[in-house]
Amino acid sequence: MSPTDFSTAGELVCPAGTPAALRTAVDAGADSVYCGFRNATNARNFPGLNFTPEELEASVAYAHARGARVLLALNTYPPAGKVDLWREAAAIGARVGVDAFIVADMGVARHIAQTHPGSRLHLSVQAAASSPEAIRYYCENFGVKRVVLPRILTIPEIRAIKSEIPCEIETFIFGNHGLMVEGRCSLTNWMSGLSTNMDGVCSPAADVTYEREADGSMRSCLSGFTIDHFAPDENAGYPTICKGRYVAPHRPEGYYAFEEPVSLNLGRLLPELMEAGVHAFKIEGRQRSKSYVRSVVRSFRQAVDAIRAGAEPDLANLVALTEGQKETQGAFRSKKWR
Amino acid sequence: MTETQMMTSPSQRRLVPVGLLCAALRPVLGRVVRRIAQHHPEMFERIAPYQKSDFVIVPVELPFALHLRPDPEAPMLRAVPQDRLPEHDARIEGRFFTLLELVDGESDGDAAFFSRDLTISGNTEAVVSLRNALDDVDGSVAQETADSFGPPGRAFLSMLRRRSARQ
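In order, the protein sequence lines correspond to chains Y and S. Heads up: the first sequence begins at 1 in the numbering used here, then just goes up one per residue. Heads up: the second sequence begins at 339 in the numbering used here, then just goes up one per residue.
Laid out in structure tokens, this is it:
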């Protein structure tokens, strides 16, 4: 398979926040690695993370030399009239030979389709396209070849969508389980003034504080608002508002109003997902370490290879890497996951 | 002066004044951080906004902490008694072997945070930047450092790893 050949089903799409993580992912068996620049053009615009143009060029060469692909995330929404950063990023990506662009904004998609014809477009989960009509719109107007589905659909629903769209389907199989409608969530903006969708950062680290109490408990805060208060021996989660625990008049003890700190793990559903027509499996976690990338990619590489060989996948125990040390199959198993 | 035990094997344990221990570690740690600065300038670029920031890294079971200032022009890493920590922008705290595994590239910082094995306070963005900068090194910073001290350095790291695996 050449690096640009996307035809093999069961493609493993892995995260990389640094060049070292990209090399780790490739060496661990990733078919494709997704990454972004050190700016607001991608939805993991975290401090110290991501790639310079020079690093991306060297990383593309490293991946291609080993038969792997690099997908460039340009999956945020440019503020009106401020599109230069996204145009420049697209031009660099095209120049260094990335294998696909992951986009959410229609303007960015249109720009790449017109300015860099022949480039492959994937529709980011940030576009929140979950109906055949929405997906077909992106395919017909911008030539999108793949859609990354929001994590709100059951496997039967995915199977039904597949029969009505002209492109590949990619689903998340492991990692942070953001149940918000991606690309529409404004909770961080409401608290911090920064937009997840335009600035590329959910719960910016500069606005996050952790306060340790005398009894060993810990309070996590965003922009001065308490998001959670963990008992001394309680597992913690990310300081995102959607995973926060809140006090309400009817729940004075505090409760998870949106979602608990929990990670998605669809290891046991891989055969069903492939049978439903899912073409590519995405691992979340560009903000995570090389160690995480190595463990998760190796584990899912072995699982996918086993399924292709008609064997039972033997998935390693990955719960230690999960948020809150808890796993879920979310909506993929049932709409009743709450 | 505070007295406590060095982290050595039980048969070797002895009481050493912590101030003396910190002074003894100073040239070694200085060499370590200068070598990292020399060989990994890209690491300092990732932490650019926080090159003048002061980090304290606190192994909870040891009497001393590490004081790090990742300034590529004048990198500083020194041991300081835990009861006399300098003013700092960020604090990272955990068991020694947890911290070693993070620097060794063998464990995931987020997972250690989720399990409460790692505690951070102060400037969270500075800590995240430091973590990401350290993680963009192929292999292990700990191994590189050990290699720079030759066979004794490698033997010492191997001993630490064995003890870490038993924890």
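Glycine residues also receive a C-beta, built at the ideal position from the N, C-alpha and C atoms.
Cβ of residue i less than 7 Å from any chain S Cβ?
i                 : result
GLY48 of chain Y  : yes
GLN302 of chain Y : no
LEU321 of chain Y : yes
ARG146 of chain Y : no
ARG95 of chain Y  : no
TYR210 of chain Y : yes
ARG333 of chain Y : no
ALA61 of chain Y  : no
TYR256 of chain Y : no
THR328 of chain Y : no
THR18 of chain Y  : yes
SER192 of chain Y : no
TYR292 of chain Y : yes
ARG66 of chain Y  : no
Within its chain, find whatever has a CB closer than 7 Å to the CB of residue i; leave out the 5 residues flanking it on each side and keep chain order.
i                 : result
ARG23 of chain Y  : TYR62
SER502 of chain S : PHE435, LEU438, GLU439
ALA306 of chain Y : GLU312, PRO313, ASP314
LEU495 of chain S : ALA480, GLN481, ALA484
CYS202 of chain Y : THR188, THR196, THR240
VAL475 of chain S : HIS378, MET381
Any beta carbon of chain Y sitting closer than 7 Å to that of residue i?
i                 : result
VAL466 of chain S : yes
THR346 of chain S : With a pLDDT of only 46 at THR346 of chain S, under the threshold of 50, the placement of this residue in the model should not be trusted; the figure read from the coordinates follows. THR346 of chain S does not count as touching chain Y.
PHE382 of chain S : no
SER391 of chain S : no
SER502 of chain S : no
ILE458 of chain S : yes
THR436 of chain S : no
ILE430 of chain S : no
MET339 of chain S : In this prediction, MET339 of chain S scores a pLDDT of 39, lower than 50, which makes its location untrustworthy; no coordinate-derived value is stated.
SER496 of chain S : no
ARG454 of chain S : yes
SER445 of chain S : yes
GLU399 of chain S : no
ALA534 of chain S : The structure shown does not extend to residue 534 of chain S, since chain S is modelled only from 339 through 505, so no value can be given for it.
GLU463 of chain S : yes
ASP427 of chain S : no
ILE374 of chain S : no
ASP442 of chain S : no
ASP474 of chain S : yes
ALA403 of chain S : no
ILE385 of chain S : yes
ALA480 of chain S : no
ALA484 of chain S : no
ALA362 of chain S : no
Below 8 Å CB to CB, which residues in the same chain sit around residue i once its five sequence neighbours on both sides are set aside?
i                 : result
LEU367 of chain S : LEU404, LEU415, ARG416, ALA417
ASP199 of chain Y : ALA40, ASN45, THR76
LEU85 of chain Y  : ASN39, ALA40, THR41, PRO78
TYR238 of chain Y : ASN176, SER203, PRO261, GLU323
HIS111 of chain Y : VAL83, TRP86, ARG87, ALA90
Quick check on residue i: buried or exposed, where buried means 16 or more other Cβ atoms within 10 Å of its Cβ?
i                 : result
LYS292 of chain S : Within the shown structure, residues of chain S are numbered from 339 to 505, placing residue 292 of chain S beyond reach of any answer.
TYR138 of chain Y : buried
LYS82 of chain Y  : exposed
LEU153 of chain Y : buried
MET497 of chain S : exposed
LEU358 of chain S : exposed
GLY324 of chain Y : buried
LEU126 of chain Y : In the sequence as presented, Leu is not what sits at residue 126 of chain Y; that position holds Gln. With 16 or more other Cβ atoms within 10 Å, it is buried.
ASN317 of chain Y : exposed
HIS279 of chain Y : buried
GLU54 of chain Y  : exposed
THR18 of chain Y  : buried
GLU341 of chain S : Any reading at GLU341 of chain S needs caution, since the residue's pLDDT is 39, under 50, leaving its predicted position unreliable; the model's value is listed next. Its Cβ having fewer than 16 others within 10 Å, GLU341 of chain S is exposed.
Per DSSP, residue i forms a beta bridge with which residues?
i                 : result
ILE430 of chain S : S:ILE395, S:ILE458
GLU211 of chain Y : Y:ARG219
CYS14 of chain Y  : Y:VAL33
THR171 of chain Y : Y:PHE281
ASP228 of chain Y : Y:SER220
VAL356 of chain S : Bridge partners of VAL356 of chain S: none, in fact.
TYR246 of chain Y : Y:TYR255
Between which residues of its own chain and residue i is the CB-CB distance below 6 Å, once the five residues before and five after are set aside?
i                 : result
LEU179 of chain Y : GLU259
ARG38 of chain Y  : ASN50
THR322 of chain Y : SER263
ALA16 of chain Y  : LEU22, ALA25, VAL33, CYS35
ARG429 of chain S : VAL394, SER459, GLY460
SER467 of chain S : ILE385, TYR388
ILE158 of chain Y : ALA276
#### Entry: Segment contact, 8 Å Cβ cut-off, at least three pairs: the region 295–306 of chain Y with the region 226–236 of chain Y
By the Cβ criterion, the region 295–306 of chain Y is not in contact with the region 226–236 of chain Y, since fewer than three pairs of Cβ atoms, one from each stretch, lie closer than 8 Å.
### Task
Decide if the region 71–80 of chain Y is in contact with the region 39–46 of chain Y; the criterion is three or more beta carbon pairs, one per stretch, under 8 Å apart.
Proximity of the region 71–80 of chain Y to the region 39–46 of chain Y meets the contact definition, three or more beta-carbon pairs being nearer than 8 Å.
### Message
Quick test of the definition: if touching needs 3 or more C-beta pairs under 8 Å, does the region 442–459 of chain S touch the region 277–295 of chain Y?
### Response
Pairwise C-beta distances place the region 442–459 of chain S in contact with the region 277–295 of chain Y, as three or more of them are shorter than 8 Å.
### Query
Does the region 134–149 of chain Y come close enough to the region 249–259 of chain Y to have 3 or more Cβ pairs within less than 8 Å?
no
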